[in-house]
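Residue numbers (numbering that gives the first Met the number 0), protein chains in the order written: chain A, 0 to 218; chain B, 0 to 134; chain C, 0 to 425; chain D, 0 to 547. For glycine and all other residues, C-beta sits at the position ideal for the given N, C-alpha and C.
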Amino acid sequence: MIIAERKPIAEITRALAPYKNVLVAGCGTCVAVCWAGGEKEVGVLASQLRLARGAEGSQISIMETTVERQCEKEMVTDLKDRMAEVDAVLSLACGAGVQTMAEIFDDKPVFPAVNTTFIGRPEREGMWVEMCGACGDCYLDRTGGVCPVVRCAKGLMNGPCGGTRKGGKCEIDPDKDCAWVLIYRRLEKQNRLDLMREYCAPKNFRAVKRPGRVQAGKA
Amino acid sequence: MSMKGTIVAFCCQHSGYPAADLAGKLGLGSPEALRIIRVPCAGRVDVIHMLRAFEKGASAVAVLGCEEGACHHITGNTRAKERVEQCSMLLKEIGIDGRRVVMFRLSPNAPRKFVDVTNEIEMAAESQGRQDDNR
Amino acid sequence: MKSASRDVLVIGSGISGISSALELAKAGITVHLVEKEVAVGGHSASFCCKATDVCVRCSACVVPEKIREAVLHPEIRLHTSSTVRKLAGKGGDFRVEIVHQPGPVDPEKCIACGLCTEVCPVDPKAIHAPPVEATPFTYVLDQGLCLRFKGEKCVLCRESCPTTAVEFERKAKAVELSVGAIIVATGFDVVDARERGSLGYGRYPNVMTGLDLERLFAREGRLILPCNGQPPRSVAFIQCVGSRDRRHGYCSHVCCKYAMKFGGLLKYQNPDTQVTIFYIDLQTAGKGFARFYEEYKDSIRFVRGVPVEISEAASGELEVKFEDISLTRVSRDRFDLVVLSVGIAPRKDAWDLAKVLGINMADDGFFAAAESNGSNEASVKGIFLAGTCQGPRDIPDAVDHGMAAASEVLQLLDRVGARPAGSWGY
Amino acid sequence: MEVRAGVFLCNCGGALKNIDFDAVASEMAGIPGVASVHVSSDLCLAPARDRMISCIREENLNRVVVAACSPELTEYPLRRTVQSAGLNGHMLSMANIREQCSWAHEGDVTGKAVELVKMAISRARLLQPVEEVEVGVERSVLVVGGGFAAVNVGLLLAAAGLRITLVESTGTSGSDGQELGSIHGFDIGSLVTAAERDQNIEVLTSARVVTVEGAIGDFTVTISREGKNMARKYGAIVLATGSRIELALATDSDSSAEYQGIGGTNVVSQDQLVERLSRPASGVKPATLAFMVDFADESTRFSTLATLGNALAVRKVWDSEVYVFCRDVKVDSQGAERLYREARDRGVVFVKCPAAPRITSDNGRVMVEAKDVLLGEDITVACDLLVAEAVLYPDPATAALGSVLGVRLDEKGFYQENNVHLYPVASERKGVFFVGTCRGQSDVGRVMNDISSVVINIKDLLSSGKIMVESERVKVDSEKCVACLTCIRVCPHAAIELRGTEGGKEKAVVSDLGCHACGICVAICPAKAIEFQDYRDDQILAQIEAVG
């Protein structure tokens, strides 16, 4: 799922400085599951903002809401009737959500409250790790299901880089597993090690036009 | 009127709350500004409860749970400790002294510890209060 | 052997009596819990918490919880200030006569408001609040101080009581109960440290027993010298006082544990306090205890060899004379405070109850179990033993033994066809 | 439905002099939702309770706020009073104005009392009823393990009319009972045959528990036996998997390495010694014999008790010289001190040494060399037979089965987290119990107590076939739940599971039977989907709002 991380409060208060009535909008799916932008985090951020303003002696009135999915236009438009007395919107959704909110309510400034970081999974409670870089041209069939583009620090397509530490750890980050050691062990287990001998041409990262577009049902 | 100097204490019904009762029975003086909210376990208290108490003007917030290793719900007091640290970080981020939110662990038959802990919180909050006022 | 009644009598409301009563009540059985004192709980209710920054598993905090659960349980009938006078019938069908000798303050009516203490003319007050852990929290009248019991006509507390709970002359009342089984859980007496006169308990103020230390910690929360209220610089624990000797031929199970836990607490509260433990064999067995022992093995000084004499040095310190076996010579050491780790002894009035119930007593003075492997049945069919009245146990073992007694009672009632009704939730 | 709260203030016989009850009463009268205010002097006694019942009925109150002494001893009877007035027991909110207000401070505390009652009223407004329902439970118990404790528990529960399944991982039942049974003279064989003949007991040998779902009264367990999986329903689960006994020859590595070379027949375990003792005729009688105790593991009584018993047996049967090398003699068990005294009277020599002895071999005899504390010097004993120290280790399957059941282990790897509130036989998951050496117990007397305790615990729960339980006190709103599994991972009592809901999708569901009402899941749920009656977020925040 999409993993995000709350921005430092200083950045948020600086952006909101000129505004009096703020709508803080959370999103109920991905960012909620990774404890960054769900209903709970909306409450905590709103309370923190009120306390910060209180400490500076100025006032702020905050409306708190959480949209089921902020990347759905219809769900965001539902907030229409509450936008009248709002000066600015603070969205805790991922990049897609913030931009949908900004697009629907283009007369009001919309600020992000979280940094969308990667597509990943929970490693243990409260910690999430990147698994996929959405490069648009998946190689997982050739690496036994371990993605070197993202999980190898240098993104090598014909690894390992020879600097692997003892215990199969990455040269750059000692407590991170070297992706290519994982690939080797996985293929060894399925005795498909010959795949490692195939040379993999450099990836053309510009092959995929930005911004990406997927049309259901078309080639 | 904002409750200048009030201390909101979330007391676990297995440890903090009975300790407060014993302190009363022994006539040991705990701070008058203390407002005790009874919770089933320290693990029930969330960051939003602590922040809302500060928004309401509390000078300090405390979570009183069971001793480490004696929690009736095994992980309740460790969860509460993590959330208090998180709340303290959130306060530090906006310039309020992180030490105003504290977690203390005690057992139900330790009234003396309850009184020492709550008086310590009040003194810390007062000295901190003076620093904030003249800032 | 059809049972007339499926009620059960539990004698003694210490932690094991309470555990038996609770388990039987949860099985839907009506339990008559008879207690000699005004308050329920026995010795372990007044033990203090010995946690450092981590719980040391002394189980002292489990006791008040179980007491509260038992006092509130609808199936448990409390008979405080009562003793067992007569027993008739046999296993499955006993008729018991209980003597209820009510004290001046009626627990049913006293709401612990404290008005009587205010008006009491005597100082120290004759009528006052009970120890803080007492449940029910009924006020107590100390007849030694009260003018009324010295022949004067003082009625101030009776008049001031809003719920007419104070009545000076209350007659004893006999209560007849018919029960299917009896659990004896009358607990223990602490060994009187004066047995070892040479250790100076009672002569020197800074010689305390383990029980005194529990009470002091419960009240003060830290250790202070009885003579001047200052924290001690050096403390000695002397093990096996009244255990494993000619008069008490058994190990009391609890003293090594509480001595080491107190030692650990003292080192935690004030790391430069010197703690020394004099022992014969260190009993470090038990769930989770080894880790505790590892932690404090180096910071506490363990000396194999039990002191024989304590004398007061000129400086007021206590001089302890002991045979340090590892150095194989007699030596002397000085301490600010000495704690005698007194053990568990059979109750002095155990013989009276044994006569009434007709149960045997073992050679060490405790009640004798039918078989030797820690089973609960006493020498009389239908009477079961629970807790320290059958032998020394710590709190977790006492709870375990109490539940086991309740379990054997339930098996007896099942065998004689006394089906318990529905069960009360968990 | 409009909130009509009755506020009952108790001035404890007029003794709470530092609270002006009239001022408090007048302040409360004006608060929205308050229908009436009553001041009485002894709410904990019957007459005042009857007056409260009539008040509730006459003013048809739907909330009761009691400001009196601590709820520790009065909340439960007050709930029953409220119920007998026809109101749901959970519509009660209490303020502690005695121990935590009047007694806790000198001087006038009317202001604090007003605030405490306002907090209780603000919470009372948001209270919702919780029904108590009777839930049927399976009258069957799964006992895992085939040893001495397991078979005993099975027999006793079967006698109470419960259906028992005895699951034993090895081929034959009663295998691990050898050491415990043989040393202390219990014939495990007869117990096993009794179990097999009992029609309430089904013995499954070489079977393994694969998955456990559900909660107390309604466990669904899959057992795999000879490749096929069987799903079964149970009301409770008892783990009596025993422990693994290993011979710890010596702790310091150098001597044990050299020692391995000896092997051979003159080093035995306790039960091998018992076997030889029972066949005195064959085999040569050893002239001198040594035991090693309490070096490798100082936290168990097992090897000491076995040693005391067998040392006496050796003196009687073979009359050979017996030396016991130990650090401390563990005598804190029933009758252990008497055994120790009798052993010394019969000539057993106890050598107390600060560290483990060095063991070497000299043409077929075992040389045990150690520093004797009493003599103050090193001694060496040449003996024909050495009984090594037996150390209890957790059964190898403990960790795997522990995770299947969702229960934690203690720091030595035995079952049952080291938490005083679980002693003696409970686990942190309702309905799952531990008995005997698998939870670290090490002597027969205590194992017997464990067996009886677990029997009555289970009879309390299952013998009537139903349990009263508060239905949906902690409830997951399946619309809001995004099935992120956080609550399932966090629940310390494994009371939450993913289950299909009417909408078809699998969502988290809290089992009323298994829930301990602690609220840890409620606080951590990212989607705020879990509601916990009496302690909902809005009820806690309302109390904060009412302060000041």
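Buried/exposed call for residue i, threshold 16 Cβ in 10 Å
i	result
Thr169/D	exposed
Gln282/C	buried
Lys85/C	exposed
Ile36/B	buried
Pro46/D	exposed
Gly421/C	For Gly421/C, the pLDDT reaches just 39, beneath the cut-off of 50, and the residue's location in the model is therefore unreliable, although a value from the coordinates is still provided. Burial call: exposed.
Leu42/D	buried
Gly29/D	exposed
Arg43/B	buried
Arg138/D	buried
Gln415/D	buried
Glu167/D	buried
Ala59/B	buried
is_contact[residue i, chain D] using C-beta, thresh 8 Å
i	result
Ser1/B	In this predicted model, Ser1/B has a pLDDT of only 44, less than 50, meaning its place in the structure is not dependable; the value taken from the coordinates is given anyway. Cβ-Cβ to chain D under 8 Å: yes for Ser1/B.
Gly26/B	yes
Gly287/C	yes
Gly53/A	no
Gly128/B	no
Val7/B	yes
Ala24/A	no
Glu84/B	no
Interface residues of chain B facing residue i [CB-CB closer than 9 Å]
i	result
Ala516/D	Pro39 and Cys40
Asp52/C	Glu66, Glu67 and Arg104
Neighbouring residues, chain D, relative to residue i (Cβ below 8 Å)
i	result
Asp413/C	Ala158 and Ala159
Leu114/C	Gly12, Gly13 and Ala14
Integer Cβ distance of residue i from residue j, believed to fall under 8 Å
i	j	result
Ala8/B	Pro110/B	No, Ala8/B and Pro110/B are not in contact; Cβ-Cβ is about 14 Å, not under 8 Å.
Glu388/D	Val292/D	6 Å
Phe288/C	Lys256/C	7 Å
Val70/C	Leu91/D	Wrong, their Cβ atoms sit about 19 Å apart, outside the cutoff.
Proximal residues of chain D, C-beta to C-beta of residue i below 9 Å
i	result
Ser17/B	In the sequence as displayed, the identity of residue 17/B is Pro instead of Ser. Simply Ser69 and Glu71.
Closer than 7 Å at the beta carbon, the chain D residues around residue i
i	result
Arg51/B	Leu540 and Ile543
Cutoff 8 Å: residue i Cβ touching any chain A Cβ
i	result
Ala526/D	yes
Cys483/D	yes
Arg162/D	no
Val44/B	no
Glu92/B	yes
Ile120/B	no
Thr117/B	no
Cutoff 8 Å: residue i Cβ touching any chain C Cβ
i	result
Lys329/D	yes
Arg34/B	no
Residue-level contact to chain B via CB, residue i, 8 Å cutoff
i	result
Ser46/A	yes
Gly547/D	yes
Arg212/A	no
Trp317/D	no
Val108/D	yes
heavy atom of the ligand NAP below 7 Å from residue i C-beta
i	result
Asp533/D	Because no ligand of any kind appears in the structure shown, any question about the ligand NAP cannot be addressed here.
Contacts of residue i in chain A (Cβ-Cβ under 7 Å)
i	result
Val101/B	Within chain A, no residue comes near Val101/B; the closest Cβ sits about 17 Å away, beyond 7 Å.
Q.
Taking beta-carbon pairs under 8 Å, can you tell me which members of the stretch 48-81 of chain B lie near chain D?
A. Interface annotation for the stretch 48-81 of chain B against chain D: His48, Arg51, Ala52, Lys55, Gly56, Ala57, Gly68, Ala69, Cys70, His71, His72, Ile73, Thr74, Gly75 and Arg78, criterion Cβ-Cβ distance under 8 Å.
**Q.** Interface positions of the stretch 397-409 of chain C facing chain D (Cβ-Cβ less than 7 Å), listed along the chain
**A.** Val398, Asp399, His400, Met402, Ala403, Ala405, Ser406, Glu407 and Leu409
Q: Name, going along the chain, the residues of the stretch 33-46 of chain D whose beta-carbon falls closer than 9 Å to a beta-carbon of chain B.
A: none
**Q.** Near-chain D residues of the stretch 155-171 of chain C (beta-carbon distance less than 9 Å), N- to C-terminal order
**A.** Cys160, Pro161 and Thr162
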